[in-house]
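**Q** The end of the sequence shown is residue 788 by the working numbering, with every number in the run present.
From the three backbone atoms N, C-alpha and C, an ideal C-beta is built for every residue, glycine too.
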Amino acid sequence: MGTLYAEDIFLLNLSLNWLIIWLCGRLYRPYPARWRAWLGAGLGALASLAYAFFSQSPWLVVLEKFGLSLLMVTVVWYPWSSWRQLLGQLIHFYLVSFALGGGVLGLLFWAERQGTAFTDRLWPIFSALAWALPLMAVLGWLWGLCQPLLTLRQAARRAYQRLVRVAVGEQVVACQGWLDSGNHLVEPLSGWPVLVVEKEAVKQLLPERLDQPGWETRWRWVPFQGLGHQQGLLPAFKPDWVEIESADRTVRSQRLLVAIYEGSLGEHYQALLPERIEEGI
Numbered sequence: 508m509g510t511l512y513a514e515d516i517f518l519l520n521l522s523l524n525w526l527i528i529w530l531c532g533r534l535y536r537p538y539p540a541r542w543r544a545w546l547g548a549g550l551g552a553l554a555s556l557a558y559a560f561f562s563q564s565p566w567l568v569v570l571e572k573f574g575l576s577l578l579m580v581t582v583v584w585y586p587w588s589s590w591r592q593l594l595g596q597l598i599h600f601y602l603v604s605f606a607l608g609g610g611v612l613g614l615l616f617w618a619e620r621q622g623t624a625f626t627d628r629l630w631p632i633f634s635a636l637a638w639a640l641p642l643m644a645v646l647g648w649l650w651g652l653c654q655p656l657l658t659l660r661q662a663a664r665r666a667y668q669r670l671v672r673v674a675v676g677e678q679v680v681a682c683q684g685w686l687d688s689g690n691h692l693v694e695p696l697s698g699w700p701v702l703v704v705e706k707e708a709v710k711q712l713l714p715e716r717l718d719q720p721g722w723e724t725r726w727r728w729v730p731f732q733g734l735g736h737q738q739g740l741l742p743a744f745k746p747d748w749v750e751i752e753s754a755d756r757t758v759r760s761q762r763l764l765v766a767i768y769e770g771s772l773g774e775h776y777q778a779l780l781p782e783r784i785e786e787g788i
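#1: Do you know offhand how far residue 759's Cα is from residue 680's?
#2: Among 592, 523, 771, which residue has its Cα nearest to the Cα of residue 705?
#3: Sorted by chain position, which residues of the same chain lie with C-beta nearer than 8 angstroms to residue 685's C-beta, five sequence neighbours on each side aside?
#4: Whole-angstrom Cβ separation of residue 603 and residue 527, contact assumed at under 8 angstroms?
#5: Would you give the residue range spanned by the alpha helix (DSSP H) that residue 707 belongs to?
#6: Could you tell me the distance, in whole angstroms, from the CA atom of residue 540 to the CA atom of residue 689?
#7: Measure how close the beta-carbons of residue 592 and residue 580 come, nearest whole angstrom, since I'm counting them as under 8 angstroms.
#8: Pick from 766, 671, 542: whose alpha carbon is nearest that of residue 713?
#9: Take the Cβ of residue 739 as the centre, count every other Cβ of all protein chains shown within 10 Å, and call the residue buried at 16 or more, exposed below.
#10: Within the chosen definition, does the stretch 745 to 765 reach the stretch 718 to 729 through at least 3 CB pairs nearer than 8 angstroms?
#11: Taking the straight line between their C-alpha atoms, what separation do you get for residue 693 and residue 653?
Below you can see the structure in the form of C-alpha cells.
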C-alpha cells in the first residue's frame with residue numbers, strides 16, 4: 508500500500524474540514540468569515556494529524572472529537588444569538604461530517620476490494636488531492652481579493668467612457684469614446700472643441716474625394732501636439748451634429764469638429780472627447 512506523509516494528512520484534512528464548514532455555511536446561515544473558516548479547518552486538521560500518530564482509547568477519542576467539533580463550531584460561528592442556533596450549527600456540522608466521512612470510507616472500502624495493485628495506484632491520487640485542494644482554495648481566495656479591484660477598475664473605466672454618434676446627412680456612425688481631460692484641442696478660427704476619432708470609425712461618413720460637392724465647407728485643419736507625433740496638423744470635418752451619451756444624460760451639439768486620426772487611440776475606445784462636453788459644449 509502507498510504512503511501518506513504527515514503533510515498529506517494535514518492538507519487533506521484541512522481541505523475536507525474547510526469543505527464541511529463551507530457546506531454548513533450554505534445549509535445553515537450565516538456563512539463565516541474566511542479567516543474563521545480556515546482557522547477552524549486548521550484546528551481540525553491538526554487534531555487529525557495527532558490522532559494519526561498517537562493511539563488512544565476509542566472512548567477517549569469520541570470525547571475528544573466531540574470537544575474538537577464544539578471548538579471548531581465556536582471558532583467559526585461564535586457569537587451565537589441563542590443556544591438553539593448553536594445546536595443547529597452542531598447538528599448540521601455532524602450531518603455534513605458523517606455524509607462526507609461515509610463517502611470517504613465507502614471509497615476506501617471499494618478500493619480495497621479491487622486489490623492491492625489498485626489501492627497502490629489510489630494513494631498517489633489522495634496525495635495529489637491533499638496538495639491540489641488547498642492550492643485551489645488559496646487561488647479562489649486570491650481571486651476573491653482581486654475581484655473588488657477589477658470591479659473598481661471597470662467602474663472607473665465606465666465613468667470615462669461615452670457612446671459617441673456622428674452624423675453627416677442621412678448617415679450616422681457610433682463608436683466608444685473616452686473623456687480625455689488632456690484634450691484641449693480647438694479649431695483656431697472658430698474656437699470650437701475638437702473630437703479626435705479613429706479614421707476606421709468614421710470612414711462611412713467620409714467622401715470618396717476630398718473635393719466632393721458639399722464637402723468644401725466642411726474641411727478644416729487642426730494643429731495638435733502628441734498622438735504619436737511632436738506636432739502637426741490633423742484633418743477635421745464639420746458634421747451635422749455629434750451626440751455624446753453618458754449614463755445619466757445625452758448631449759447633442761452642432762458646434763463640434765471631428766478630427767481624423769489614422770492610427771489606434773486605445774483598446775476600449777475609438778474617440779477622444781474634449782473635456783468641454785461635460786459643460787454641455
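**A** In short:
#1: As a position in the sequence shown, residue 759 is number 252, starting the count at 1. As a position in the sequence shown, residue 680 is number 173, starting the count at 1. Between residue 759 and residue 680, the C-alpha separation is close to 14 angstroms.
#2: If you number the sequence shown from 1, residue 705 lands on position 198. If we check each option's Cα against that of residue 705, 771 comes out closest.
#3: Position 178 of the sequence shown holds residue 685. Taken in chain order, the residues that qualify are 667, 668, 669, 772, 773, 775, 776, 778, 779, 780.
#4: Translated into positions along the sequence shown, residue 603 becomes position 96. Translated into positions along the sequence shown, residue 527 becomes position 20. 5 angstroms between Cβ atoms; contact.
#5: Residue 707 sits at position 200 when you count from the first residue of the sequence shown. 706 to 709 is the span of the alpha helix (DSSP H), which, as asked, contains residue 707.
#6: The residue labelled residue 540 in the question sits at position 33 within the sequence shown. The residue labelled residue 689 in the question sits at position 182 within the sequence shown. Their backbone Cα atoms lie some 44 angstroms apart in a straight line.
#7: For the purposes of this step, residue 592 is taken as residue 85 along the sequence shown, with counting starting at 1. For the purposes of this step, residue 580 is taken as residue 73 along the sequence shown, with counting starting at 1. 10 angstroms between Cβ atoms; not a contact.
#8: Looking up residue 713 in the sequence shown gives position 206. Comparing Cα-Cα distances from residue 713 to each of 766, 671, 542, the minimum goes to 766.
#9: The sequence position of residue 739 within the sequence shown is 232, counting from 1. With fewer than 16 Cβ atoms within 10 Å of its Cβ, residue 739 is classed as exposed.
#10: yes
#11: Taking the sequence shown and counting its residues from 1, the one referred to as residue 693 is at position 186. Taking the sequence shown and counting its residues from 1, the one referred to as residue 653 is at position 146. Cα to Cα, the separation comes out at about 41 angstroms.
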